[in-house]
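Visitor: One structure coming up, written as structure tokens, with questions to follow.
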């Protein structure tokens, strides 16, 4: 699942990654933002997908100013939970695939 999407789909034809931010107004807008492995603007592999999506998920989360010793700690429990949830979703999606 590393490399380029085109090479991956030669070996695993059903490979497709899709992240969508849905609108509150679902009747008019199907999604507000989307990342797919097949859009051709990036590698389309699972590693790069993880980082594209986690950055979108965490970009608007407030980070309180908190020191741990003399170093700022900017990793909140929400950030950790989102990373874990995304990793689990990707792992379970791979486990359910037929390849």
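Numbering (full-length UniProt numbering), first residue to last: 1 to 99.
Ideal Cβ placement from N, Cα and C applies to all residues, glycine included.
Measuring CA to CA, which of 65, 37 and 22 is closest to residue 30?
Guide: The shortest Cα separation from residue 30 among 65, 37 and 22 belongs to 22.
Visitor: I'd like to check one pair, residue 4 with residue 69: are the Cβ atoms closer than 8 Å?
Guide: Not in contact: residue 69 and residue 4 (Cβ atoms no closer than 8 Å).
Visitor: Determine the closest residue to residue 75 out of 86, 62 and 40, with distance taken between C-alpha atoms.
Guide: It is 62 whose Cα lies nearest to the Cα of residue 75.
Visitor: Per DSSP, which one or two residues make a beta bridge with residue 68?
Guide: DSSP, once it has assigned bridges, lists 71 as partnering residue 68.
Visitor: Assuming residue 33 and residue 56 make a contact with CB atoms under 8 Å, what is their CB distance in whole Å?
Guide: About 7 Å; that satisfies the 8 Å criterion.
Visitor: Starting from the C-beta of residue 18, find all residues in its chain whose C-beta is less than 8 Å away, skip the five residues before and the five after it, and write them out in chain order.
Guide: Correct list, in chain order: 34, 35, 36 and 37.
Visitor: How would you call residue 49, buried or exposed, if buried means at least 16 neighbouring beta carbons within 10 angstroms?
Guide: The residue in question, residue 49, is buried, as its Cβ has 16 or more Cβ neighbours within 10 Å.
Visitor: Ends of the alpha helix (DSSP H) at residue 7?
Guide: Residue 7 -> alpha helix (DSSP H) spans 5-11.
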